[in-house]
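Count along the sequence shown from 1, then add 1; that gives the number in my numbering.
Here's the structure we're looking at; comments come further down.
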Amino acid sequence: MNGAIGASLPVAVGVMISPLPIAAVVLMLSSAKAKVNAFAFLVGWVLAVFVIALVVAMLAGSSTDDDGGPAAWVSWTKIVLGVLVLFLCFTQWQGRPREGQQASPPKWMSAIDSFTPVKATGLAVLLGGINPKNLLLVISGGATIAAAAPDDTTAQVVASIVFAVVASLGVLLPIVIYLAMGDRAPSVLDAMKNWLVQHNNIVLAVLLLVIGVKLLGDGIAGL
């Protein structure tokens, strides 16, 4: 169990630092339904990450080779995921704002002011479980858990819970700032949002590079 948790933590940190979901929560905290929308987003995010990681871990972990370790296809899956993550790293780096350029926030951010809790939850599921960048990372986390704990359902469930909790600390941080800092929170959150939007591509590129290389290494080592 500890091995599955430890092996998946680097990927969970990659999901945790995803800039756009954090910026989305910051915007929700400046809307009319600040608390309810932000908490709805947090719940949707945790559930999306947990369910996908667990499903991947259980599917991949159900196949073992003759010595009880993960099947060879699990290692090949990690290699393919590593290549895809590195490709995303390249596209993020290519799309970064050049010096002196101002990054444009995604169009969906302009609609957050009118969000209901249901829409906030839906956006969390979309960003956490359908958006290709995060989806690849969450699938990678599930595959890593499966490789570390094949045929151990309890370990897979516990590791997936820990993975989802760690992956959600990033979107939890703005909520903590909002509740703890009172009148100072809006200026801090606004500065955070602007920085995240401006540096989204660069932050993601670095994270994807590290995680992609790790996945490739783990996959090659498992063959």
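Quick reminder that beta carbons are idealized off the backbone N, C-alpha and C, glycines included.
Treat the numbers as computed from the prediction; the structure is a model and nothing was measured.
Look at the Cβ atom of residue i, then the Cβ atom of residue j, and state whether they are nearer than 9 Å.
i: L87; j: Y179; result: no
i: S169; j: G143; result: no
i: L82; j: G223; result: no
i: N38; j: P118; result: yes
i: L138; j: S19; result: yes
i: A148; j: A35; result: no
i: V84; j: G218; result: no
i: P175; j: I23; result: yes
i: A5; j: A165; result: no
i: V172; j: W46; result: yes
If you reduce the DSSP assignment to three classes, tell me which class residue i lands in.
i: G183; result: helix
i: P22; result: helix
i: T117; result: coil
i: P151; result: coil
i: S76; result: helix
i: L43; result: helix
Rounded to whole angstroms, what's the CA-CA distance from residue i to residue j? Just pull it up for me.
i: A33; j: A25; result: 14 Å
i: V167; j: L28; result: 22 Å
i: L79; j: T92; result: The amino acid at residue 79 is misidentified as Leu; the sequence shows Lys. In a straight line, the C-alpha of K79 is about 20 Å away from that of T92.
i: M59; j: T154; result: 7 Å
i: N3; j: R99; result: 42 Å
i: A112; j: A73; result: 45 Å
i: A121; j: L190; result: 18 Å
i: A192; j: R185; result: 11 Å
i: N202; j: L128; result: 15 Å
Can you tell me which of the options puts its alpha carbon nearest to the alpha carbon of residue i?
i: Q95; options: H200, L216 and I221; result: H200
i: P11; options: G220, A222, I221 and L209; result: L209
i: F51; options: M17, T78 and V198; result: M17
i: F116; options: A206, F42 and S9; result: F42
i: L197; options: V177, L21, A8 and G171; result: L21
i: V126; options: K215, A5 and V44; result: V44
i: A1; options: L136, C90 and R185; result: Residue 1 is absent from the model: the chain starts at 2 and stops at 224.
Using a Cβ-Cβ cut-off of 9 Å, state whether residue i counts as contacting chain B.
i: L136; result: The chain inventory of the structure shown lacks chain B, comprising one protein chain alone.
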